[in-house]
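Going letter by letter, the sequence shown gives residues 7 to 650 in the numbering used here. Where is the CB? At the ideal position from N, CA and C, for every residue including glycine. As the structure is a computational prediction, the values presented were derived from the model and not from experiment. This report refers to the structure that appears directly beneath it.
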Amino acid sequence: MQSAVNATVAIMQSGLPVARIEFLDENMVDACNRFSKLDLDVSPTLFLEFHGSKSNIDAQGRIADICVPITALPNMISFAKNELQRLQLLGLILGHVGDGNFHVILIFDSKNLEEIKRVDEFSTILAKESLRMNGTITGEHGIGLGKKQLLIDEFGTQGINTMKSIKKALDPLNILNPGKCTQRYASSQALATDLKSIVGNDNVGTSTAIREQHSHDESYHAGHQPDVVVFAQSTEHVSNIVKYCASKRIPIIPFGTGTGVEGGVTAPKGGVCLDLSRMNKVLSVNAEDFDCTVQAGVTRNALNSYIRDTGLQFPIDPGADASLGGMCATSASGTMAVRYGTMRENVMNLEVVLADGSIIKTAGLKGRSRKTSSGYNLTNLFVGQEGTLGIITEATLKLHATPEAVLAAVAPFKDMQSAVNATVAIMQSGLPVARIEFLDDKMVDACNRFSKLDLDVSPTLFLEFHGSKSNIDAQGQIAEDTCKSFECLKFDFATDPEKRAELWKARHNAWYAAQAIKPGSKGYSTDVCVPISALPEIVTFAKDELKRLNLLGPIVGHVGDGNFHVFVIVDPTNPKEIELVHQYSMALAKEALRVNGTVTGEHGIGLGKKKLLIDEFGPAGIKTMKAIKQALDPLNILNPDKVL
7 MQSAVNATVA
17 IMQSGLPVAR
27 IEFLDENMVD
37 ACNRFSKLDL
47 DVSPTLFLEF
57 HGSKSNIDAQ
67 GRIADICVPI
77 TALPNMISFA
87 KNELQRLQLL
97 GLILGHVGDG
107 NFHVILIFDS
117 KNLEEIKRVD
127 EFSTILAKES
137 LRMNGTITGE
147 HGIGLGKKQL
157 LIDEFGTQGI
167 NTMKSIKKAL
177 DPLNILNPGK
187 CTQRYASSQA
197 LATDLKSIVG
207 NDNVGTSTAI
217 REQHSHDESY
227 HAGHQPDVVV
237 FAQSTEHVSN
247 IVKYCASKRI
257 PIIPFGTGTG
267 VEGGVTAPKG
277 GVCLDLSRMN
287 KVLSVNAEDF
297 DCTVQAGVTR
307 NALNSYIRDT
317 GLQFPIDPGA
327 DASLGGMCAT
337 SASGTMAVRY
347 GTMRENVMNL
357 EVVLADGSII
367 KTAGLKGRSR
377 KTSSGYNLTN
387 LFVGQEGTLG
397 IITEATLKLH
407 ATPEAVLAAV
417 APFKDMQSAV
427 NATVAIMQSG
437 LPVARIEFLD
447 DKMVDACNRF
457 SKLDLDVSPT
467 LFLEFHGSKS
477 NIDAQGQIAE
487 DTCKSFECLK
497 FDFATDPEKR
507 AELWKARHNA
517 WYAAQAIKPG
527 SKGYSTDVCV
537 PISALPEIVT
547 FAKDELKRLN
557 LLGPIVGHVG
567 DGNFHVFVIV
577 DPTNPKEIEL
587 VHQYSMALAK
597 EALRVNGTVT
607 GEHGIGLGKK
617 KLLIDEFGPA
627 GIKTMKAIKQ
637 ALDPLNILNP
647 DKVL
């Protein structure tokens, strides 16, 4: 290798008008032989051309792109080789060495966080070594997103400030390719240092693994890493972080447990991910008043464990052990919403940090009353705003009595239509069912395989009743008679707590059971909600569309309130398949609107359903939402690019 590089230097210093002079190390020559069916000697090689044009490189993987003075090439390439060996990375070297520019094409597993961390380390070290040798961090590929943090090392603070001044003068609204080339702050390291002074060293994370973990939720939406992750431990922390970010126009993305399914936690513009999971205290329980106040990071399971001995429960159950702050932010619901309501009906007061760092209580400074007619209904405004209007730090929630007795039942049907018709009949009868969940045959089969059950593989209703022993027995009998009138195959009761827990655990694992049908896949969950009477029609439509588009999509839903999900199984690397899923989602959502429903019953808008809002609310409705957003977040730093 050294001889080849030395020859390059000699050729260039001779003044020979070479048009191309390319260097390939032995690994790259071997790769080219295999891919292009060549028989070149497998050794460090120069390609030369005269009176030609310079070629471009089209390669996949991470490509280092440094450029140094010609005389520094031998040392620079040796350094690159040594670092590849030290970090145990596969890197193929080639380059336009005639002008001192060369590339290391790094081959790595994009799902291996440890390997990604080593790739990041190599890229940074190589760039800094190039600067030490009076070179540049990019010879021809540009800065884009990937090298923003290194600009300050090359140009210094004053140089960066000059670039920012030019950007502001020519693009004062920052609408031209925002987030590229220059960044809002000198470097991620400088940002992290500032944030550590606010919350302490142990509450700031910058490693690739931490940023990757916080870049996505459970959905198929592509993840975008934040620049820094901050773990807040108090409302004061959140307020001070927001004030700092507002002063520098840095985006803030709230993060609870990452169990959302609409891409709501990804950071398309970088910025600060504000993880609230360490704000996990139950602040008060008022058993006599049936309410409690919790910090945003408390999960629903943690709250129910804490209040178990009081005879009370918090019954809003979306399946995942989500944070209560996140559940407020999306207006989540779940399997028991048919009896106990959604988060919107169960939130009494919120503490919210606004975009300027100020702190408000949405239902009065000390409000815990069960109802209020005082002022604007700020609580309902901030429930379901998905972190785009403010950051929820505390919530006062309604609690409910733990039922004296619980009765569960499973009712398989001969076909989907019969099961859905039975659901409508049960709800229209006024029976106080606590849960009524529908699973189609594909979902039942997936749950059997994933949760080791032996349910009949046919469209099935899971039901549950809460109350006294005599009441639930009577309710169960009415439900059984109703289901049998729609020709259910059988109606099995489950009174044993372990059997009930097994049943509902299988239902809650439906998302993972569906993905397990096709290992390596991702799921996209539709979330339409329609009037009860429209259920049979729209579920049939959903099935027909799956067949038309040749998609695999088990169906499950909280059909007692008209909300159901199609878990469409998708290969996230297949653009054609993703486009079909998008077509399906749009068609189903528009059908829901046609029958007077909504495009999302409980998951929220996030990234995935923004285009549908105009169909649901019309131009005047969207204009009103935008006016609220502009009033509360004029700098657009709170979870930007979500909802609107």
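Could you have a look at residue i and say whether DSSP puts it in helix, strand or coil?
i, result
"L644", "strand"
"A431", "helix"
"H109", "strand"
"A595", "helix"
"G58", "With a pLDDT of 38 at G58, under the threshold of 50, the modelled position of this residue cannot be trusted, and the question is left open."
"A10", "helix"
"G145", "coil"
"P232", "coil"
"A500", "strand"
"V565", "helix"
"V244", "helix"
"I63", "Its pLDDT being 30, under 50, I63 is placed unreliably by the model, and nothing is read from it."
"I628", "helix"
"V536", "coil"
"I634", "helix"
"V205", "helix"
"V210", "strand"
"A273", "coil"
"K617", "helix"
"G393", "coil"
"T385", "helix"
"T408", "coil"
"G162", "helix"
"S654", "Summary: the structure shown does not reach residue 654, with the chain confined to residues 7 through 650, and so no result is reported for it."
On a Cα-Cα basis, can you pick out the residue from the options that is closest to residue i?
i, options, result
"D647", "P184, V110 and L79", "P184"
"I538", "V344, A440 and M592", "V344"
"G610", "A25, G266 and I111", "G266"
"V649", "F41, I628, E28 and A637", "I628"
"A507", "L157, R217 and V412", "V412"
"K677", "D460, T466, K448 and A485", "Summary: the structure shown does not reach residue 677, with the chain confined to residues 7 through 650, and so no result is reported for it."
"F497", "Y518, D362 and D462", "D462"
"M349", "I365, P321 and E357", "P321"
"D621", "L638, K254, L157 and E597", "E597"
"A361", "I397, A16 and L95", "I397"
"L330", "P80, A593, S375 and E392", "E392"
"E146", "F108, F128, E89 and N180", "F108"
"A25", "M34, A10, L54 and T14", "L54"
"T546", "D577, P465 and E470", "P465"
"H472", "A519, C453, A414 and F456", "A414"
"D281", "N81, I258 and L405", "I258"
"L668", "E268, D451, A519 and D71", "The first residue shown for the chain is 7 and the last is 650, placing residue 668 beyond what the model contains."
"G563", "S531, E242 and F296", "S531"
"T604", "S194, D639, K549 and L541", "L541"
If contacts are defined as beta-carbon pairs under 8 angstroms, then residue i and residue j qualify, I think. What distance do you get, rounded to the angstrom?
i, j, result
"T299", "S283", "That belief does not hold up - the Cβ atoms of T299 and S283 are roughly 18 angstroms apart, past 8 angstroms."
"C251", "I643", "6 angstroms"
"A425", "M342", "Wrong, their Cβ atoms sit about 20 angstroms apart, outside the cutoff."
"T142", "C73", "5 angstroms"
"V6", "A595", "The displayed coordinates of the chain run from 7 to 650. Any statement about residue 6 would go beyond what the structure contains."
"E443", "F468", "4 angstroms"
"D327", "R314", "So it is not a contact: roughly 15 angstroms between Cβ atoms."
"G229", "I256", "Actually they do not touch by this definition, with Cβ atoms about 19 angstroms apart."
"V271", "H220", "7 angstroms"
"T399", "E357", "5 angstroms"
So who's on the other strand from residue i, going by DSSP bridges?
i, result
"P581", "Per DSSP, none; premise fails for P581."
"C298", "V291 and L403"
"L98", "I111"
"E28", "F53 and H102"
"Y530", "V574"
"D604", "Contrary to the premise, residue 604 reads as Thr rather than Asp in this sequence. Partner(s): C535."
"I259", "C279"
"A70", "V110"
"F237", "D281"
"I398", "V358"
Can you list the beta strand (DSSP E) stretches of 3 or more residues lying completely in the segment 298-379, in chain order?
-> 353-359 and 365-367
Scan the segment 412-496 and note each continuous alpha helix (DSSP H) run of 4 residues or more that stays entirely inside, going in chain order.
-> 422-434, 447-457 and 475-491
With a floor of 3 residues, list each beta strand (DSSP E) that falls wholly inside the segment 120-144, ordered by position along the chain.
-> none
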